[in-house]
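Participant: Here you go, one structure.
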Amino acid sequence: MHAKEVLAAYSKKLQPILENFFNKKLKNEQNPFAKYLLETAKEYCLRGGKRIRPALMITGYKCFAEENEEILNASIGLELLHAFLLIHDDIMDLDDMRRGKPALHKIYEGYISENYKSDKAPHLGISLGIIAGDLLEAFSFEPIMESNFPIEKKFAAFKKLNEIIYLTSLGQALDLVAEQKDKLTEEEVLKILELKTARYTIEGPLHLGAILAGASPKDLKLLSDYAIPVGLAFQLQDDILGLYGDEKKLGKPIGSDIKEGKRTLLIVKALEQLNEEDRKFLLNALGNENLTTEELNKVRQLVKDSRALDYCKNLAQKFCNDAIAKIEDSELKEKEFLISLAKYIIERTY
Numbered sequence: 318m319h320a321k322e323v324l325a326a327y328s329k330k331l332q333p334i335l336e337n338f339f340n341k342k343l344k345n346e347q348n349p350f351a352k353y354l355l356e357t358a359k360e361y362c363l364r365g366g367k368r369i370r371p372a373l374m375i376t377g378y379k380c381f382a383e384e385n386e387e388i389l390n391a392s393i394g395l396e397l398l399h400a401f402l403l404i405h406d407d408i409m410d411l412d413d414m415r416r417g418k419p420a421l422h423k424i425y426e427g428y429i430s431e432n433y434k435s436d437k438a439p440h441l442g443i444s445l446g447i448i449a450g451d452l453l454e455a456f457s458f459e460p461i462m463e464s465n466f467p468i469e470k471k472f473a474a475f476k477k478l479n480e481i482i483y484l485t486s487l488g489q490a491l492d493l494v495a496e497q498k499d500k501l502t503e504e505e506v507l508k509i510l511e512l513k514t515a516r517y518t519i520e521g522p523l524h525l526g527a528i529l530a531g532a533s534p535k536d537l538k539l540l541s542d543y544a545i546p547v548g549l550a551f552q553l554q555d556d557i558l559g560l561y562g563d564e565k566k567l568g569k570p571i572g573s574d575i576k577e578g579k580r581t582l583l584i585v586k587a588l589e590q591l592n593e594e595d596r597k598f599l600l601n602a603l604g605n606e607n608l609t610t611e612e613l614n615k616v617r618q619l620v621k622d623s624r625a626l627d628y629c630k631n632l633a634q635k636f637c638n639d640a641i642a643k644i645e646d647s648e649l650k651e652k653e654f655l656i657s658l659a660k661y662i663i664e665r666t667y
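If you read the sequence shown in the numbering used here, its first letter stands for residue 318, the second for the next number, and so on.
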């Protein structure tokens with residue numbers, strides 16, 4: 318089965334588990350506003366998405382043990398963690414949309430404006446968004462905590478989960494500061510991608526599942542050798558889709574990275590190759606929230622003409638090839654799916 322089909326099957330399987338998690342929370346909550354926070358957080362989490370992180374946690378487990386109800390239930394913790402990070406990310410990136418609907422802080426802004434007629438609605442919306450994200454971060458530990466895995470395995474999993482949160486937060490901080498730098502190297506960009514995406518999206522979930530299955534340090538090292546290059550390819554493809562993808566499929570505006578001033582590798586490589594006039598135009602476009610469609614189209618063309626687009630596509634392909642080479646002769650039970658996933662990551666359109 319192709320990786321895309323496997324991920325879709327996991328998404329369908331995990332949706333009712335995730336919904337049931339929130340239903341239990343709502344049943345036990347009496348405060349009306351607390352219920353509203355939980356209802357909106359539930360809607361946000363159930364909007365969809367690839368569910369790649371819980372799917373990879375299950376895959377990490379299945380590399381060394383048989384799939385069971387315990388790992389399925391435990392895996393939704395990563396989807397709760399993902400929602401927490403997305404909520405905060407939308408606030409930091411000034412994004413109003415997520416998966417084709419209003420970002421959570423914008424929903425709260427509307428709630429405050431409608432119910433209290435307050436001129437502080439935008440600020441309070443952001444504040445409530447931060448709090449809702451914090452709630453989901455706290456919830457992310459519960460599925461593993463409530464599982465029947467041995468206590469020593471749960472403790473090791475909690476340690477890994479904490480590491481994921483730390484490294485992702487560090488990567489986000491480096492990314493925010495990078496936007497303010499006049500010049501950024503490819504090495505610096507790839508380090509941010511490793512922390513923000515490779516370790517959080519691919520390595521961390523695989524490790525969590527493998528740890529709960531009793532994998533050895535050697536097993537975890539093999540998964541890391543695969544996960545880091547795949548994660549880098551995943552983010553490079555994300556950046557490409559963010560500039561050249563389909564807005565309806567992505568669920569957010571094309572070019573938002575440009576308007577936010579993000580120094581993706583596409584931009585870093587384009588700035589290295591463009592002439593002074595075009596380089597100045599691209600620098601002026603970065604961080605311009607009022608960028609017109611015409612100006613954005615020129616940015617897209619400049620990135621393409623500079624061959625930065627081809628460079629990033631080729632680099633993503635190289636990373637995927639490297640990842641596949643690490644595991645193709647291994648005895649990992651889920652090897653075929655992992656190889657298919659590496660190929661799918663650079664073929665996907667959303």
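Ideal Cβ placement from N, Cα and C applies to all residues, glycine included.
Ordered along the chain, which non-local residues of its own chain (more than five positions away) have a Cβ less than 8 Å from that of Ala527?
Facilitator: Gly377, Tyr378, Cys380, Phe381, Asp536, Leu537, Leu540
Participant: Are there 16 or more other CB atoms within 10 angstroms of the CB of Lys643, so buried, or fewer, so exposed?
Facilitator: Lys643 is buried by the Cβ-count criterion.
Participant: Is the stretch 577-596 close to the stretch 625-636, with three or more CB pairs under 8 Å?
Facilitator: Touching, per the Cβ criterion.
Participant: Whose C-alpha, out of Leu525, Gly559, Gly562, is nearest the C-alpha of Ala544?
Facilitator: Leu525
Participant: With burial defined as no fewer than 16 other Cβ atoms inside 10 Å of the residue's Cβ, what is the status of Phe466: buried or exposed?
Facilitator: buried
Participant: Taking all protein chains shown into account, decide if Arg415 is buried (16 or more other Cβ within 10 angstroms of its Cβ) or exposed.
Facilitator: Buried, since its Cβ has 16 or more Cβ neighbours within 10 Å.
Participant: In angstroms with no decimal places, state the Cα-to-Cα distance between Arg617 and Tyr433.
Facilitator: 43 Å
Participant: Measuring alpha carbon to alpha carbon, tell me which of Ala659, Arg665, Phe458 ends up nearest Glu520.
Facilitator: Ala659
Participant: Between Gln497 and Leu603, what straight-line distance do the alpha-carbon atoms span, to the nearest angstrom?
Facilitator: 11 Å
Participant: Between Phe472 and Gly394, which are expected to be in contact by the criterion C-beta below 8 Å, what is the C-beta distance as a whole number of angstroms?
Facilitator: Between Phe472 and Gly394 the beta-carbon gap is near 15 Å, outside 8 Å, which marks them as no contact.
Participant: Return helix, strand or coil for Arg596, following the three-state DSSP convention.
Facilitator: helix
Participant: Check each candidate in Ser464, Arg580, Met374 and name the one with the smallest Cα separation from Glu387.
Facilitator: Ser464
Participant: So, helix, strand or coil for Arg370, using DSSP?
Facilitator: DSSP places Arg370 in helix when its eight states are reduced to three.
Participant: Would you list the residues sitting across from Met414 in a DSSP beta bridge?
Facilitator: Beta-bridge pairing links Met414 to Pro419.
Participant: To the nearest angstrom, how far is it from the Cα of Asn601 to the Cα of Val620?
Facilitator: 14 Å
Participant: Under 8 Å, with one C-beta from each stretch per pair, do the stretch 636-650 and the stretch 549-559 reach the 3-pair mark?
Facilitator: Yes: at least three Cβ pairs fall under 8 Å.
Participant: Could you say if the stretch 443-455 and the stretch 422-433 meet the contact criterion of at least three C-beta pairs nearer than 8 Å?
Facilitator: yes
Participant: By alpha-carbon positions, which one of Glu651, Ala351, Leu398, Leu649 ends up nearest to Tyr517?
Facilitator: Leu398
Participant: Would you tell me roughly how many angstroms separate the C-alpha atoms of Leu411 and Gly562, rounded to the nearest one?
Facilitator: 20 Å
Participant: In chain order, what residues of the same chain have a beta carbon less than 6 Å from the beta carbon of Phe339, not counting five sequence neighbours either side?
Facilitator: Within the same chain, Phe339 has close Cβ partners Lys359.
Participant: Alpha carbon to alpha carbon, how far is Leu582 from Leu389? Give it in angstroms, no decimals.
Facilitator: 36 Å
Participant: To the nearest angstrom, report how far apart Asn345 and Leu478 are at their CA atoms.
Facilitator: 26 Å
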